[in-house]
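Undergrad:
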Amino acid sequence: MTTPNPIRRFVEATNEADTEAFLGIFADDAFLSDWGRSFQGREQIARWNQSDNIGVKSHLSIVGITPAEGSYRVRIAVKGKGFNGEGDMTFTLDGDRIASLVIT
507 MTTPNPIRRF VEATNEADTE AFLGIFADDA FLSDWGRSFQ GREQIARWNQ SDNIGVKSHL
567 SIVGITPAEG SYRVRIAVKG KGFNGEGDMT FTLDGDRIAS LVIT
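The numbers in this note's numbering rise by one with no breaks, and the one at position 62 of the sequence shown is 568.
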């Protein structure tokens, strides 16, 4: 399956440590849940990005992707100075933006 553009850009922006591009991928009112911790809107997602993503030098690789009822379940391998290992991210898209991201 071809990776949808917003998901591809999410991975690329993270790997390039491009915070501006990373935040630009999200809809203004996007929602992010990271193992039950909730972040609403770009300002809160920017804080998550600093504490859990680009701020800890994460490098992401897509292991697999499966469409699932209006969303995409993506298995991601993570390396960096924070979490290391694999996990699932469920992306819901709104056009060329991420409307929600749930990390489990």
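Glycine included, every Cβ here is placed at the ideal spot set by N, Cα and C. The structure presented is a predicted model; accordingly, all values stated were derived computationally and were not measured.
For my contact list, serine 577 and phenylalanine 597 are in at a C-beta cut-off of 8 Å; report their separation, rounded to the angstrom.
TA: Reading the sequence shown from its first residue, position 71 is the one you call residue 577. Reading the sequence shown from its first residue, position 91 is the one you call residue 597. Yes, serine 577 and phenylalanine 597 are in contact; Cβ-Cβ is about 6 Å, under 8 Å.
Undergrad: When we look at the beta-carbon of asparagine 555 and count the other beta-carbons within 10 Å, is it buried (16 or more) or exposed?
TA: For this step, residue 555 is matched to residue 49 along the sequence shown. Result: buried.
Undergrad: Using DSSP with H/G/I as helix, E/B as strand and the rest coil, what is alanine 605?
TA: In the sequence shown, counting from the first residue as 1, residue 605 sits at position 99. The answer is strand: DSSP assigns alanine 605 an E or B state.
Undergrad: Mark threonine 508 as exposed unless 16 or more other C-beta atoms lie within 10 angstroms of its C-beta, in which case mark it buried.
TA: Residue numbering aside, residue 508 sits at position 2 when the sequence shown is read from its first letter. Exposed.
Undergrad: Please return the same chain residues whose Cβ sits closer than 8 Å to the Cβ of aspartate 602, not counting the five positions on each side in sequence.
TA: Sequence index remark: in the sequence shown, residue 602 carries index 96 (1-based). Asn511 and Pro512.
Undergrad: If you compare alpha carbons, which of Val580, Lys563, Ser564 and His565 is closest to isoleucine 571?
TA: Residue mapping note: residue 571 aligns to position 65 of the sequence shown, counting from 1. It is Val580.
Undergrad: Take every Cβ of the stretch 588-595, pair it with every Cβ of the stretch 523-536, and state whether three or more of those distances are shorter than 8 Å.
TA: In short, these stretches do not touch, since the Cβ pair count stays below three.
Undergrad: Alpha carbon to alpha carbon, how far is isoleucine 551 from phenylalanine 537?
TA: The residue given as residue 551 occupies position 45 in the sequence shown. The residue given as residue 537 occupies position 31 in the sequence shown. Cα-Cα distance, rounded: 8 Å.
Undergrad: Drop a sphere of 10 angstroms on the beta-carbon of alanine 583, count the other beta-carbons inside from all chains shown, and report buried for 16 or more, exposed for fewer.
TA: In the sequence shown, counting from the first residue as 1, residue 583 sits at position 77. Per the 10 Å Cβ criterion, exposed.
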